[in-house]
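Chains as they are written, first to last, in UniProt numbering: chain A, 1 to 451; chain B, 1 to 451.
Glycine included, each C-beta is placed from N, C-alpha and C at the ideal position.
There are 2 protein chains.
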Amino acid sequence: MAIGSYDREELDELLESRQFRKLREMMSEMNEVDIAEFIEEQEPEKKVLVYRMLPKELAADVFSFLEVEDQEHIINSITDYELGKIIEDLYVDDAVDMLEELPAIVVKRVLQNATPQTRNLINQFLQYPENSAGSIMTAEYIGLKRNMTVEQAFAYIRENGVDKETIYTCFVTDSKRCLQGVVTVKDLLMNPYDTVIKDIMDENIIYAVTTEDREDVVETFNKYDLLCLPVVDHEDRLVGIVTVDDAVEVMEQEATEDFEKMAAMFPSEKPYLKTGVLELTKNRLPWLLILMFTSILSGTVLMDYEHAIQVLPLLLSFVPMLMDTSGNCGNQSSTMVIRGMAVGEIELKDVLRVIWKEFRVGLLCGLVLAAANFVRLMLQYPGRPMLSMAVVLSLVAAIVLAKIIGCVLPMLAEKMKLDPAIMAAPLITTIVDVGSLLIYFRVACALLNLA
Amino acid sequence: MAIGSYDREELDELLESRQFRKLREMMSEMNEVDIAEFIEEQEPEKKVLVYRMLPKELAADVFSFLEVEDQEHIINSITDYELGKIIEDLYVDDAVDMLEELPAIVVKRVLQNATPQTRNLINQFLQYPENSAGSIMTAEYIGLKRNMTVEQAFAYIRENGVDKETIYTCFVTDSKRCLQGVVTVKDLLMNPYDTVIKDIMDENIIYAVTTEDREDVVETFNKYDLLCLPVVDHEDRLVGIVTVDDAVEVMEQEATEDFEKMAAMFPSEKPYLKTGVLELTKNRLPWLLILMFTSILSGTVLMDYEHAIQVLPLLLSFVPMLMDTSGNCGNQSSTMVIRGMAVGEIELKDVLRVIWKEFRVGLLCGLVLAAANFVRLMLQYPGRPMLSMAVVLSLVAAIVLAKIIGCVLPMLAEKMKLDPAIMAAPLITTIVDVGSLLIYFRVACALLNLA
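Following this line, the structure appears as structure tokens:
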């Protein structure tokens, strides 16, 4: 919600009736995110028209919030001079994100219109490996020197702060650009003007290295509640910063990837509605194929007990219930463990505690479900106590087995440096199916003398 | 990682050899999060010992990062005077979080040792509904007046800023505490000292209302890349702020809840390792029971075609593969849609686009899987082309059906104001199972003349 928020209908009307001066005035009071949204909803020609109307100081900010398709469209519709202005005003991380998605020919034109300095910086940032700290950082930070006074620091910030992603955390570097300390604007405000930075800077710096995994960067943000994290290269030189909004975006992306992997899909790069049918199919097919052929095993178990089924076809009617229930139980355990490991609540050293816990939970769940089932079976098939017995006994055993497989496999994957998320519902279900069918038919054959 | 990070072994040694002065000195250079971690790893008596050693200005910060069990232990081991100091120094949101978990008798003692003002504030905050904006906000913000100059604002911040959660966003209120504008420290720094606040404050304020759902708060944070969001009551009076670190925590909790719901569990309040077996069982049983009884339906379908199975037992061997594959396909679609709606990428109005997309993806996946299966069947059962045909035809139909059910049900839940996350793998699988078994046996009976 927003007090004094913009009136969407008024905007549309102003644009419709070509009252561009008023429209421009209204937009200059709006939030960049809302302007970007307004532009995105226009017809292609109007997008450029509205975009060109923006006050200079808003243009690059709004541009960075546009979808890449719209960015491309605007780039292709403006002059080299206008393009050059945008590129210089964009933060490096936003420029890099955009360039990674644009077609090569557009990238070439963009880089040609950047100053040599910006071009070099962008090229350097484009080279950091995907999913590394370097790939999510930006270059616009405030760098101070240790011998500056608070007064000098403020003067420096006033002069250079406009274009920085954050001015609230400042970094102190030496002549070799090595990181020496951190000082916040709060520290500066709380100390007299003649204080020297080196006396108030914090030398216990939390930082990341360019090649570090971006997931670790996010963990550091969460652990220390940071607003901003410096990134250094392998010679300890400060090369960039990650701001909290970018860390939050990574967090959301990583969670989405886990959801996708746990549903037996390869993570997609783009939002669902923007992903083509072919790409979606490509992401989903590999696991479907693997799981399909694995589930043939369950079919084989069924055929092994063909004789028992021929003698007592009723046995069959409990197969889906057994398979579904044990699958669900395994799914619950694996989800708890995978998520617990992802947020750092469960570690590998907890494996025995987890198994012991799941064993007891499994036993309890199994007993309650078995009791409910036993009542139902005794009512529905009063003359068949041994069959009912066979069903509920195998139900308990299958549930306990499922709970244990469900918690052990993700931890095993983690131990083997695989992604635990692949050991989720789909694979667990297939594995647990085989186990529960085997238990069921063995128990039934023994109790009912079918073998 | 941290430059000049603390040496854990040295800390242990200092504590072991009772060199408390050195230990205290070392801790005063450390990050509060790391100190809290160090305290948590000590024996109970040593926890209090180390905690009491902390410099005054660190004590409350470290306290807020401790687990609630340790907070309780420390509260029970210190004097009323010490307790009073802690309570006054804690941010209201941290105090409220803690009080919500402590036993009533401890809560009583804590409130008795707070000043009347703090006690009233805490009591007011404790009353906001769970999961509301009010329940995650805190009271320590910087409030300015519209007629202050930049110089006066800085003087005010210098005097009052030490205890505020953030000083970087300041809120301008009128005499009735109604929110009028927002001004950042960056704005203050970029303008001359004699500028009047009302001329530079932003009147287009993004804010939340105390009763608003905390999920909406998080969405606003993400949409506008905020560091801080003001919260007003129903009379537009500013009552608190939500800072980005708290929004991030909510984001993580909401994602965890979705993972749990999608695996047919009630979300747990506590981390896995701290949740008792009984509570885990209670969270998992209800859905297991519902799903177990629903899956009886699949068993009934099997029994309906008992005759066909008696005639051709081989039919059975493809049942698990059909059930598993269609379940997996439905799971993939529902996960995409549930997550897409959770992060705001997919909206209800997209329903036809989603169905059309899933139909095509389903058809493609189905055709590929059917082709792979057909090859395998023709090799394994060369004399049974009609059986192979029945299997692959029903496979394609079941997959398309699963994809469509998988995307429609979560959207239907959203439409009916239910939580879409319940329409995930477990329930989808059970529903899809019935459908795919019906398709399979109908097709098989028709093609193989079994009816």
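Name the chain B residues that come within less than 9 Å of residue i, Cβ to Cβ?
| i | result |
| --- | --- |
| Leu273(A) | Gly340, Glu345, Ile346, Asp350, Arg353, Val354, Lys357 |
| Glu57(A) | By Cβ distance, chain B contributes nothing, its closest Cβ being about 12 Å from Glu57(A), past 9 Å. |
Check the Cβ of residue i against every Cβ in chain B and list those closer than 8 Å, keeping chain order.
| i | result |
| --- | --- |
| Lys223(A) | Val33 |
| Cys365(A) | Thr281, Arg284, Leu285, Leu288 |
| Asp433(A) | Pro320, Asp324 |
| Leu302(A) | Leu316, Ser317, Val319, Pro320 |
| Gly161(A) | Lys186, Leu189, Met190 |
| Arg146(A) | Correct list: empty, because the minimum Cβ distance to chain B is about 14 Å. |
| Val361(A) | Val277, Leu280, Thr281, Arg284 |
Would you mind giving the Cβ-Cβ distance between residue i and residue j, rounded to the nearest angstrom? I have them listed as a contact below 8 Å.
| i | j | result |
| --- | --- | --- |
| Gly161(B) | Lys186(A) | 7 Å |
| Thr430(B) | Asp245(A) | That belief does not hold up - the Cβ atoms of Thr430(B) and Asp245(A) are roughly 41 Å apart, past 8 Å. |
| Ile35(A) | Val68(A) | Their Cβ separation, rounded to whole angstroms, is 17 Å, which puts Ile35(A) and Val68(A) out of contact at 8 Å. |
| Gln253(A) | Arg284(B) | No, Gln253(A) and Arg284(B) are not in contact; Cβ-Cβ is about 29 Å, not under 8 Å. |
| Leu289(A) | Leu369(B) | 7 Å |
| Pro320(A) | Ser295(B) | 5 Å |
Specify the secondary structure class of residue i as computed by DSSP and reduced to three states.
| i | result |
| --- | --- |
| Thr243(B) | strand |
| Leu226(B) | coil |
| Leu90(B) | coil |
| Asp419(B) | coil |
| Val343(A) | coil |
| Leu450(A) | coil |
| residue 525(B) | This structure gives no information on residue 525(B), because the portion of chain B shown stretches from 1 to 451. |
| Ala390(B) | helix |
| Ile74(A) | helix |
| Phe266(A) | coil |
| Arg237(B) | strand |
| Ile205(B) | strand |
| Tyr128(B) | coil |
| Ile157(B) | helix |
Can you pull the chain A neighbours of residue i, defined as C-beta to C-beta under 8 Å?
| i | result |
| --- | --- |
| Val115(B) | At residue 115(B) the sequence reads Thr, which differs from the Val that was named. Within chain A, no residue comes near Thr115(B); the closest Cβ sits about 24 Å away, beyond 8 Å. |
| Phe20(B) | In chain order: nothing, as chain A lies at least about 21 Å away. |
| Ala421(B) | In chain order: nothing, as chain A lies at least about 10 Å away. |
What does the Cβ neighbour count give for residue i, buried or exposed, with the cut at 16 atoms within 10 Å?
| i | result |
| --- | --- |
| Ala139(B) | buried |
| Met411(A) | buried |
| Leu437(B) | buried |
| Gly4(B) | With a pLDDT of 47 at Gly4(B), under the threshold of 50, the modelled position of that residue is not reliable, and no figure is offered here. |
| Ile122(B) | buried |
| Ile105(B) | exposed |
| Gly383(B) | exposed |
| Thr79(A) | exposed |
| Leu238(B) | buried |
| Gln71(B) | buried |
| Tyr440(A) | buried |
| Arg339(A) | buried |
| Pro55(B) | exposed |
| Leu11(A) | buried |
| Tyr81(B) | exposed |
On a CA-only basis, which of the options is nearest residue i? Give me that one, please.
| i | options | result |
| --- | --- | --- |
| Gly276(A) | Gly406(B), Val361(B), Glu345(B), Asp12(B) | Val361(B) |
| Ala95(B) | Gln124(B), Thr79(B), Ser77(B) | Gln124(B) |
| Ala153(B) | Ile200(B), Glu249(B), Leu99(B) | Ile200(B) |
| Thr220(A) | Val351(A), Met251(A), Leu238(A) | Met251(A) |
| Gly84(B) | Ala59(B), Met389(B), Leu102(B) | Ala59(B) |
| Tyr207(B) | Asp225(B), Asp174(B), Ile241(B) | Ile241(B) |
| Lys349(B) | Trp356(A), Lys223(A), Glu40(A), Leu273(A) | Leu273(A) |
| Lys261(A) | Glu57(A), Ile422(A), Met416(A) | Ile422(A) |
| Glu159(B) | Asn147(B), Val172(B), Gly143(B) | Gly143(B) |
| Leu352(B) | Asp194(B), Val337(B), Ser326(B) | Val337(B) |
| Arg8(A) | Glu41(A), Asp419(A), Arg21(A) | Glu41(A) |
| residue 475(A) | Leu226(A), Glu32(A), Glu212(A) | Within the shown structure, residues of chain A are numbered from 1 to 451, placing residue 475(A) beyond reach of any answer. |
| Phe359(A) | Asp419(B), Thr281(B), Leu297(B) | Thr281(B) |
So which residues of chain A does residue i contact, with C-beta pairs closer than 9 Å?
| i | result |
| --- | --- |
| Ile296(B) | Ser317, Phe318, Pro320, Met321, Arg376 |
| Ala390(B) | Correct list: empty, because the minimum Cβ distance to chain A is about 15 Å. |
| Leu438(B) | None at all; the shortest Cβ gap to chain A is about 12 Å. |
| Met292(B) | Met321, Asp324, Thr325, Asn328, Leu369, Ala372, Asn373, Leu395 |
What residues of chain A sit near residue i, judged by a beta carbon separation below 7 Å?
| i | result |
| --- | --- |
| Asp245(B) | Asp225 |
| Gln332(B) | Ala263, Ala264, Met265, Arg284 |
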